[in-house]
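Colleague:
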Amino acid sequence: MTTEAILPARADTADATAPVLRQQVLVLYLADSALDSFVVGWSRYDGTGRTSPTTGDSDEPPYESGVAALRDGWRLFQAAQLIPPYPGHEYDVSFLKHEFFFERIVDVRSVVDRS
Numbered sequence: 085m086t087t088e089a090i091l092p093a094r095a096d097t098a099d100a101t102a103p104v105l106r107q108q109v110l111v112l113y114l115a116d117s118a119l120d121s122f123v124v125g126w127s128r129y130d131g132t133g134r135t136s137p138t139t140g141d142s143d144e145p146p147y148e149s150g151v152a153a154l155r156d157g158w159r160l161f162q163a164a165q166l167i168p169p170y171p172g173h174e175y176d177v178s179f180l181k182h183e184f185f186f187e188r189i190v191d192v193r194s195v196v197d198r199s
């Protein structure tokens with residue numbers, strides 16, 4: 085049995101038909117630990133170089149929930165570990181703890197931009 089690695093093609097490859105794959109990352113901070121809860125914060129990173137999203141570049145989240153991102157083709161690859169608050173600190177304000185990381189692999193040679 086052999087396992088083939090899927091490696092991203094180089095943009096300067098001689099094969100003009102080979103896909104040039106790059107990763108896009110979407111970080112959604114949800115209201116609670118449920119993947120179908122509302123998005124309260126987000127970050128985007130685009131390995132294709134087509135866009136350069138920055139913090140605060142939109143008043144509306146890219147999706148209403150994590151499930152909506154899944155339905156649009158994003159793949160969930162990390163969810164925040166659920167850690168209960170230390171006794172007496174249940175109402176402390178801190179970081180957004182319900183963080184979910186999604187990825188999408190896109191062909192930079194394709195014309196369609198779904199960001």
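In this note's numbering, the protein residues as written are 85 to 199. Glycine is no exception: its CB is placed at the ideal position from the N, C-alpha and C atoms.
Is it right to say Ala89 is buried, meaning 16 or more other beta carbons lie within 10 angstroms of its own, or is it exposed?
Modeller: Confidence at Ala89 is low in this model, with a pLDDT of 47, below 50, so the placement of that residue is unreliable and no value is reported for it.
Colleague: Closest to Val124 by C-alpha separation, out of Leu114, Asp130, Ala118, would be which residue?
Modeller: The option with the nearest alpha carbon to Val124 is Leu114.
Colleague: How should Gly150 be labelled, buried or exposed, when 16 other C-beta atoms within 10 angstroms of its C-beta is the threshold for buried?
Modeller: buried
Colleague: Thinking just about the alpha-carbon of each residue, which of His182, Glu144, Leu105, Ala152 is nearest to the one in Asp130?
Modeller: Leu105
Colleague: Does DSSP classify Arg193 as helix, strand or coil?
Modeller: The three-state secondary structure of Arg193, taken from DSSP, is coil.
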